[in-house]
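Take a look at the structure set out below.
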Amino acid sequence: MEVSDIFWSVSLEELKRGFIQESDSFTCLLCGERIEKGIVYPYENRLYEAERYMRIHIENTHQSVFEYLLGMDKKLTGLTEHQKNLLSLFYQGKNDKEIQMELGIGSASTIRHHRFALKEKERQAKTFLAMMELLKEKDEYAPAFVPVHKTATMVDERYDITQDEQEQLVNKYFSDGLLTKFPQKEKQRLVVLREISNQLKRDYTYDEQELNQILKGIYEDYVLIRRYLVEYGFLDRKSDGSSYWLKK
């Protein structure tokens, strides 16, 4: 199972922690880094057991789970940029007056109002989450949707794809791992691009020529595929296009 799939299926406590525990390892929910149990890991002249070392990894690589979640797409968090800025400042431990002065808006009471509005959003989220959890127990006809990848740049109706639909589309557009035709419809493109991204190495940086050769082996118009992989948030790259890597 991919990290994105696991990310959306874990408990709230696991998501807050940023990693899951498996029988022989710990896996980072934010990037997929796997730390084996039973090994002692060195860091800054000290030795750490696996779980503590995973916490160090999250701090060094992602700053914090909070910062990572805050940086996710608006469609995944439901937060405006203004709300994100406020939450970031609250997380830093700043008081209402400090935040008001830094943002240059209203007064300290204005910030208190924003705190209240966010608490109201929290209450609504808890209620909705509880209802959805209860619904799972009753809705036997609910289809299994393909999880939205965490690095998606535009989350909309294109992601309304069930696992059965995805399997059908993969069979329709691929033959022996090769893309036979690049679809015109957005939802179908998403399935195709996700399938191609699964054929690329994780935690690996490609130079442009190497990536071109791999994509050319999948579809003749490799430039088109490369562009859409970036546009849909599967790939990231240097500004000059010299290096590419799968986004985490």
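So for the sequence shown, our numbering puts the first residue at 12; every next one is plus one.
A virtual CB, placed ideally from N, CA and C, is assigned to each residue, including glycine.
query                                                                                                                                                  : result
Give the straight-line distance between the Cα atoms of Leu257 and Gly117, rounded to the nearest whole angstrom.                                      : 42 Å
For the beta strand (DSSP E) containing Phe30, list its first residue and its last residue.                                                            : 30 to 32
Using the C-alpha atoms, what's the distance from Tyr64 back to Asn56?                                                                                 : 13 Å
Quick check on DSSP: helix, strand or coil for Leu204?                                                                                                 : helix
For the region 83 to 92 and the region 40 to 53, state whether three or more C-beta atom pairs, one from each stretch, are separated by less than 8 Å. : no
Within the chosen definition, does the region 201 to 218 reach the region 231 to 248 through at least 3 CB pairs nearer than 8 Å?                      : yes
Three-state secondary structure (DSSP) at Asp251?                                                                                                      : coil
Give the DSSP-derived three-state secondary structure of Tyr184 in the structure shown.                                                                : helix
Checking 7 Å against the spacing of the C-beta atoms, do Thr216 and Ser254 come in under that value?                                                   : yes
Around the Cβ of His73, are there at least 16 other Cβ atoms within 10 angstroms (buried) or fewer (exposed)?                                          : buried
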